[in-house]
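Going by the working numbering, the sequence shown opens with residue 260, and the numbers climb by one from there.
These notes concern the structure reproduced below.
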Amino acid sequence: MTRITSILPVLAGLLITSPSLSMARAADLPDDIGPNIAFGKTHKSSDINMSGWDGGLTDGVWSSAKGSTYATGKSGKFPKAVTIDLEGKSTIAYIHTGVPKIGFTKTIEASISEDGENFTTVGKHDFKMGTENRHLYAFKPAAARYIRLTFLENHPKPGKGGYPAAHCFVSEVEVYGPKGSGPASDE
């Protein structure tokens, strides 16, 4: 019994800190992908939310709760963007993101970059208003260090929750490469 109880804290730590163990794969993800390399990574917003909704973008929690959901600030100027730093180049082929049922985020464009200056668009998606939904941007594997979500427009009417029309909400961002891929080479 002592051996089992002494290993429980170690196992609990693995479940909390490892994105590949702590999050079950969503049904809309392919089977042949590697781990979520965006888990816990930092981001910069072009329109920072000053009301406590600037976190939660890569925390592994698909939620609409404050602190677990990302939202832009209240500026009515579009486009707005949030850029995630993967802290090193990796070969990626999928960006998985979604919106909560609150707010009224509409069009999100996903882009990737090796240098943080020159971005290549890998997809654009229109989300339904007032419903929690997810989208998988799938593209040819490419080297990238930075992932950018650009909010091109919102739905014209306020969504659930009564938040101002200028806020763009995202439940989570996950980034995957093909299974077995690792850091991209600099060659």
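Every residue gets a Cβ at the ideal spot worked out from N, C-alpha and C, and that includes glycine.
- Taking all protein chains shown into account, T380 has fewer than 16 neighbouring C-beta atoms within 10 Å of its C-beta and is therefore exposed.
- Across the structure, E412 and Y405 are spaced so that their CA atoms are roughly 22 angstroms apart.
- Taking C-alpha positions only, S370 is separated from R393 by approximately 17 angstroms.
- The alpha-carbon separation between T390 and S430 amounts to approximately 12 angstroms.
- Separation of A297 and M309 (C-alpha to C-alpha, rounded to the nearest whole angstrom) is 23 angstroms.
- Taking the Cα positions, W312 is about 23 angstroms away from K383.
- A residue is called buried once 16 or more other Cβ atoms fall within 10 Å of its Cβ, and A352 is buried on that count.
- When secondary structure is reduced to three states using DSSP, N308 falls in the coil class, being assigned neither helix nor strand.
- Cβ-Cβ distances below 6 angstroms link T301 to D344 in the same chain, with the five nearest sequence neighbours on each side left out; the list follows chain order.
- Close CB contacts of P423 within its chain, under the 6 angstroms cut and outside five residues either way in sequence, are with K333 (chain order).
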